[in-house]
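So for the sequence shown, the working numbering puts the first residue at 26; every next one is plus one. Note that beta-carbon positions come from the ideal geometry of N, C-alpha and C, so glycine has one too. Below is one structure, written out as structure tokens; comments come after it.
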Amino acid sequence: MAIRINRNLRNKYCPDIKLGCEIGEGLRIAHYVGIVITGHCIIGNNLYIRKNVTIGVKHNDQTGQIYIGDNATIGAMSFINKDIPPNHTVYTPKSENIVRLKKSI
Numbered sequence: 026m027a028i029r030i031n032r033n034l035r036n037k038y039c040p041d042i043k044l045g046c047e048i049g050e051g052l053r054i055a056h057y058v059g060i061v062i063t064g065h066c067i068i069g070n071n072l073y074i075r076k077n078v079t080i081g082v083k084h085n086d087q088t089g090q091i092y093i094g095d096n097a098t099i100g101a102m103s104f105i106n107k108d109i110p111p112n113h114t115v116y117t118p119k120s121e122n123i124v125r126l127k128k129s130i
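This is the structure we're talking about:
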């Protein structure tokens, strides 16, 4: 049954949430686009995730689990590969420049 629910969610909204992860109650996802949660995660209650978030690591990169505490918030376009304590907000700062193209005459 879980496999069928996972497949239906993936086909409709395109998140990639592996069946091996443990997710507490009250998970909120602002936008389902680009959400990836690997099977090596234990997520507490009331997690709030913005769009384009990846939580986890490749199977061979790290042993053990990634723990995300209760009442945490993860900002848009973040890559999470370490534990997050309860009641924390985490985001990945972006330092890229936005360049405006000049119109040709």
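Terminal residues of the beta strand (DSSP E) in which Ile91 lies: That run of the beta strand (DSSP E) goes Ile91 to Ile93.
Option nearest Asn112 by Cα separation, candidates Lys119, Pro118, Asp95 and Gly100: Nearest in C-alpha terms to Asn112, of all of Lys119, Pro118, Asp95 and Gly100, is Asp95.
Best match in Gly69, Glu50, Val61 and Asn70 for proximity to Ile105 [C-alpha to C-alpha]: If we check each option's Cα against that of Ile105, Val61 comes out closest.
Span separating the alpha-carbon of Cys46 from that of Ile109: Each residue's Cα considered, the two are about 15 Å apart.
7 Å CB neighbourhood of Leu34 in its chain, flanking five on each side removed: Around Leu34: Pro40.
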